[in-house]
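>
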Amino acid sequence: MASDQTQGTALDSLRQRIDVLDAELHRLLMERVRVIDGIVAAKRASGADGVMFRPDREADMMRRMVERHEGSLPLTSAEHLWREIITACTRLQGEFQVHLDGSADIAAMRDAARFYFGFAVEMETAGDPADVVGTVAASHSDLGVIALTERAELPWWRGLGQDGAQIIARLPFFVAEERPADLASMVISRPIPGSGTPDTAVYDARWRGVLPGSLMDTGLEILSFFRHADGVDALLAASGDSSEDEVLTLCREAGAEPDVLRFVGGYAAPIDIDEGEPDELDDFSEDAD
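Just so you know, we're using numbering that gives the first Met the number 0 here: the sequence shown kicks off at 0 and counts up by one.
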């Protein structure tokens, strides 16, 4: 009986500690929101208008979380909690919608979007990736999520550009075997003023005829491609530190100089969390050759 009482006392003490921690977490969350309110007020006073997304800053926050994370809580669960908080705070600046690629597995697409943006954001399903691009380009602050497939059904990235919508993120950011919401996809938005240099720059590349050479040997990555009667269109990824001329030179050295090469956005390099020490991903899809 004494042993049961001792165990009960220990459990009560642990539960009381959880109550204290829960109250502190909530207090800190409310304090974070008060800081966000101040940021929003300062932006509006300076003339800034609308929702301001900062995917580069979000990526830095996630990387710091990986560095300090320990214990039995899955890292993807911690990521989901942080994403929910980030999106909720972003919505304090104004409402926005997320437009989903209707050509993908819609259940998987919604899972990926919910995991990244949370459950309170309004989501709409578009017909195909081109519809998502057009809708986001015509919006004030909406986002789009487009499934990333090796062979695309249409070169939807042709609609991206500096005056319309651009790629701002690649999902999932944490990559692991059997992780939840693992549909490979791109997030697009209107161009973000003052955004820094992305880890990975993305280009609309086009070739007449059959694509020659092997671009992957140069460090470039073909994210997706579309074959048509006149040649090949590709969504091409390169180091964000490389200029457009340097990317063109790499293509030329591989015997695959494109007829068109246009910058269409960029993203923070995903992190492989399967390993003991997370590494940024080098490759995601296979060569289109």
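Backbone N, C-alpha and C define an ideal beta-carbon position, used for all residues, glycine too.
Quick caveat: nothing in here was measured; it's all calculated off a predicted structure.
Note down the Cα distance separating Asp-127 from Val-186, rounded to an integer number of angstroms.
Taking the first residue of the sequence shown as 1, we reach residue 127 at position 128. Taking the first residue of the sequence shown as 1, we reach residue 186 at position 187. Approximately 14 Å between the Cα atoms of the pair.
> By DSSP's criteria, Gly-7 is part of a beta bridge. Which residues make up the other side?
Here the question's residue 7 lines up with position 8 in the sequence shown. Note: Gly-7 sits in no beta bridge, so no partner.
> Looking only at DSSP bridge pairs, what is Trp-206 linked to?
Walking along the sequence shown from the start, residue 206 turns up at place 207. DSSP lists Val-231 as partners of Trp-206.
> Identify, in the order they occur along the chain, each residue of the same chain with its Cβ nearer than 8 Å to the Cβ of Phe-225, setting aside the five sequence neighbours on each side.
Within the sequence shown, the letter at position 226 stands for residue 225. Result list for Phe-225: Arg-150, Ala-151, Glu-152, Leu-153, Pro-154, Val-231, Asp-232, Ala-233, in chain order.
> Pick helix, strand or coil for Thr-124, following the three-state DSSP scheme.
For this step, residue 124 is matched to residue 125 along the sequence shown. In this structure, Thr-124 counts as strand in the three-state DSSP scheme.
> Nearest-angstrom Cα distance between Val-34 and Leu-28?
Here residue 34 corresponds to residue number 35 of the sequence shown, with the count starting at 1. Here residue 28 corresponds to residue number 29 of the sequence shown, with the count starting at 1. Rounded to whole angstroms, the separation of the alpha carbons of Leu-28 and Val-34 is 10 Å.
> With DSSP as the reference, label Asp-271 as helix, strand or coil.
Along the sequence shown, one-based indexing puts residue 271 at 272. Strand, per DSSP.
> I need the straight-line Cα distance from Gly-93 to Val-50, nearest angstrom please.
Residue 93 sits at position 94 when you count from the first residue of the sequence shown. Residue 50 sits at position 51 when you count from the first residue of the sequence shown. Their backbone Cα atoms lie some 5 Å apart in a straight line.
> What's the gap between the Cα of Ala-287 and the Cα of Arg-43?
Walking along the sequence shown from the start, residue 287 turns up at place 288. Walking along the sequence shown from the start, residue 43 turns up at place 44. A caution first: Ala-287 carries a pLDDT of 42, below 50, which makes its placement in the model unreliable, though a value can still be read off. Taking the straight line joining both Cα atoms gives about 46 Å.
> Output the boundary residues of the beta strand (DSSP E) element that contains Leu-260.
Numbered from 1 along the sequence shown, position 261 holds the residue referred to as residue 260. Counting along the chain, the beta strand (DSSP E) containing Leu-260 begins and ends at 259-266.
> Can you tell which of Asp-258, Leu-214, Phe-52, Pro-257 has the C-alpha that lies nearest to the C-alpha of Ser-140?
Counted from its first residue, the sequence shown places residue 140 at position 141. The candidate whose alpha carbon is nearest that of Ser-140 is Phe-52.
> Going by DSSP in three states, His-79 sits in which element: helix, strand or coil?
Within the sequence shown, residue 79 is the residue found at index 80, counting from 1. Helix at His-79.
> Three or more C-beta pairs under 8 Å: does that hold for the stretch 173-186 against the stretch 240-249?
no
> Can you give the Cα-Cα distance for Asp-110 and Thr-5, rounded to whole angstroms?
Within the sequence shown, the letter at position 111 stands for residue 110. Within the sequence shown, the letter at position 6 stands for residue 5. Rounded to the nearest angstrom, the two C-alpha atoms are 44 Å apart.
> Assign Phe-118 to one of two classes, buried (16 or more other C-beta atoms within 10 Å of its C-beta) or exposed (fewer than that).
Numbered from its first residue, the sequence shown carries residue 118 at position 119. Counting C-beta atoms within 10 angstroms of its own C-beta, Phe-118 has fewer than 16 neighbours from the protein chains shown and is therefore classed as exposed.
> To the nearest angstrom, report how far apart Met-215 and Ala-236 are at their CA atoms.
In the sequence shown, counting from the first residue as 1, residue 215 sits at position 216. In the sequence shown, counting from the first residue as 1, residue 236 sits at position 237. C-alpha of Met-215 to C-alpha of Ala-236: approximately 10 Å in a straight line.
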